[in-house]
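Colleague:
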Amino acid sequence: MISQPGELPISQLQEIWTNLYKHRLPALAKARDSAQPLWPVHLDHCFARIVLDNAVGVDRPWTDVVKAPAVKNMSVVQLQAAIEMAEGLACGEADLAALDERSLGLRGKKGKKRGVEEVDGSNDVTSPRKRKGGAGAISSYFLPSPASPHQDSKQHVNSKPEPNPSEPPEGPAKQTCKNDTDDMTIPLHKIATSTLTPFRKQTLTLLCQIPRGRYSTYQALSDHIAKTSHKTCARAVGNAMRNNPFAPDVPCHRILAADGSLGGFGGHWGEEG
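Put into structure tokens, the structure is as follows:
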């Protein structure tokens with residue numbers, strides 16, 4: 592501690608204070624001096640903020656009490672208080688981390704202790720977005736093709752029975768899906784190189800992922816896009832598919848209305864739009 596600072600002229604008190612916050616404390620922080628178990632700040636203006644908020648502002652930021660620059664506008668008593676606290680930090684009598692927390696609190700800012708909780712993930716607000724991908728797999732929106740009431744008897748005779756959803760798919764079915772993917776290579780290239788809007792490209796590309804014998808709905812497709820990319824609605828999906836320039840290669844006929852019928856966006860929006 593300095594000897595009897597109250598007996599010194601104000602100009603000398605100003606020099607002592609300036610040396611403490613501008614040189615001595617930053618040097619101790621840089622050297623990680625044992626006076627403090629943790630040095631949360633290293634810059635001179637940070638030390639000035641911490642000391643002045645606690646010693647001069649007391650229950651509010653120091654700028655509410657003294658005009659800047661503080662060194663020229665503090666009274667003798669305020670300079671003495673600032674010097675005493677700075678000396679306490681330098682010799683380990685005052686807790687720098689605690690005073691920093693209090694200073695930040697006076698200014699309505701988050702303290703560093705709370706910041707650590709966010710870093711370690713306990714208050715991670717971004718994790719739900721990271722988990723979106725798994726829940727939005729487009730295959731979860733595929734449904735078995737419904738039996739059309741307008742099918743003729745020949746279609747019923749030649750059609751193969753749908754596999755039981757509870758049973759694992761057999762080898763030929765897997766091969767069919769692979770062939771579907773191969774068949775879509777050319778349409779996908781056409782979509783990618785077209786001049787359509789990004790949203791129309793995205794919608795038509797998703798159509799190519801629906802395998803034969805499966806269908807989806809306007810709402811299901813919009814739900815998938817909303818979960819994996821951006822907000823949209825069933826009506827926007829219908830508009831994107833309207834006047835499909837790549838039909839029938841890009842299978843817009845695999846998107847049905849909610850009741851399983853074709854249409855729904857071909858001029859009639861339905862009761863629920």
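Those letters in the sequence shown? Residues 592 to 864, by the numbering used here. Ideal placement from N, C-alpha and C gives every residue a C-beta, glycine not left out.
How many Å lie between Pro660 and Ile641 at the Cα?
Modeller: 15 Å
Colleague: Should Leu697 and Leu687 be called a contact, given that it needs their Cβ atoms to be closer than 8 Å?
Modeller: no
Colleague: Pair every Cβ in the region 817 to 826 with every Cβ in the region 780 to 788, then say whether three or more of these pairs are closer than 8 Å.
Modeller: no
Colleague: Since Thr808 is in the beta strand (DSSP E), which residue starts that stretch and which ends it?
Modeller: For Thr808, the enclosing beta strand (DSSP E) covers residues Arg805 to Thr808.
Colleague: Who does Ile846 pair with in a DSSP beta bridge?
Modeller: Ser807
Colleague: Measuring alpha carbon to alpha carbon, tell me which of Ile607, Leu690 and Leu798 ends up nearest Gly829.
Modeller: Leu798
Colleague: Beta-carbon within less than 8 Å of Gly683's beta-carbon, same chain only, minus the 5 sequence neighbours each way: which residues are those?
Modeller: Excluding five sequence positions before and after Gly683, the CB atoms of its chain that fall closer than 8 Å to its own CB belong to Ser625, Ala626 and Gln627, given in chain order.
Colleague: Comparing C-alpha positions only, which one of Leu619, Arg791, Ser807 and Arg693 sits nearest to Val634?
Modeller: Residue identity check: residue 634 is Leu in the sequence provided, not Val. Ranking the options by Cα distance to Leu634, first place goes to Leu619.
Colleague: Within 10 angstroms of the Cβ of Ala672, are there 16 or more other Cβ atoms? Answer buried if so, exposed if not.
Modeller: So Ala672 counts as buried.
Colleague: So Ile601 and Ile674 are in contact, right, with Cβ under 8 Å, and what is the actual spacing, rounded?
Modeller: About 12 Å separates the two Cβ atoms, so there is no contact after all.
Colleague: Rounded to the nearest angstrom, how far is the Cβ of Val656 from that of Thr609, given a contact under 8 Å?
Modeller: Contact doesn't hold; Cβ gap of about 19 Å is too wide.
Colleague: Would you mind sorting Asp650 into buried or exposed? The rule is 16 or more other CB atoms within 10 Å of its CB.
Modeller: exposed
Colleague: Considering just the uninterrupted stretch of the alpha helix (DSSP H) at Pro617, what are its terminal residues?
Modeller: Leu616 to Lys621
Colleague: Please report the distance separating the alpha-carbon of Thr804 from that of Asp840.
Modeller: Note on residue identity: the sequence assigns Gly, not Thr, to residue 804. Each residue's alpha carbon lies about 15 Å from the other.
Colleague: Of all the options Ala677, Glu678 and Ala831, which has the alpha carbon lying nearest to the alpha carbon of Pro789?
Modeller: Ala831
Colleague: Between which residues of its own chain and Gln810 is the CB-CB distance below 6 Å, once the five residues before and five after are set aside?
Modeller: Ala825
Colleague: Can you check whether the C-beta of Cys682 is within less than 8 Å of a C-beta belonging to chain C?
Modeller: Considering every chain present, this structure includes no chain C. It has just one protein chain.
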